[in-house]
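Just so we're aligned, residue 312 is where the sequence shown starts under our numbering, counting upward by one.
Backbone N, C-alpha and C fix where the C-beta goes; we use that ideal spot for every residue, glycine too.
The model shown is predicted, which means the values in this text are computed figures rather than measured ones.
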Amino acid sequence: MRCRLRRRARFSSTDCAISSDAMVMAAAVAKTATAVVAVAVAVAVAAAVAVAAAVAVAAVVAVALVAAALAATSRSNGKRIAPRSR
């Protein structure tokens with residue numbers, strides 16, 4: 312908005328100051344809102360990365376546990392019975 316000098320009305324510098332202050336405030340609010348949204352997006356991305364890492368670690372642990380269980384089972388089932396001595 313521009314402060315216009317009207318021929319019929321008296322020019323008031325306070326009106327101009329108020330409108331420019333409002334514009335400055337609106338710009339500051341817009342910048343703050345943009346910063347808040349940027350921080351929220353960064354936090355959401357960080358949370359998604361953390362969840363993905365946790366899922367990957369859980370999958371590795373699960374695979375290791377299953378492999379250990381299978382190895383233990385195959386060891387116990389694969390025992391040979393000693394032949395009877397005559």
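Cutting at 8 Å between CB atoms, please list the residues of its own chain near residue i, excluding the five before and the five after it.
i           : result
residue 361 : none
I need the DSSP call for residue i, collapsed to helix, strand or coil.
i           : result
residue 319 : Caution applies to residue 319, whose pLDDT of 49 falls short of 50 and renders its modelled position unreliable; the value that the coordinates give is listed next. Coil at residue 319, not helix or strand.
residue 312 : At residue 312 the pLDDT is 48, less than 50, meaning the model places this residue with poor confidence and gives no usable figure here.
residue 331 : helix
What residues in its chain sit with their C-beta under 7 Å from that of residue i, if we drop five residues either side in the sequence?
i           : result
residue 339 : none
residue 319 : Unreliable positioning characterises residue 319 in this predicted model, as indicated by a pLDDT of 49, which lies under 50. The coordinate reading is nonetheless provided below. Around residue 319: no qualifying Cβ.
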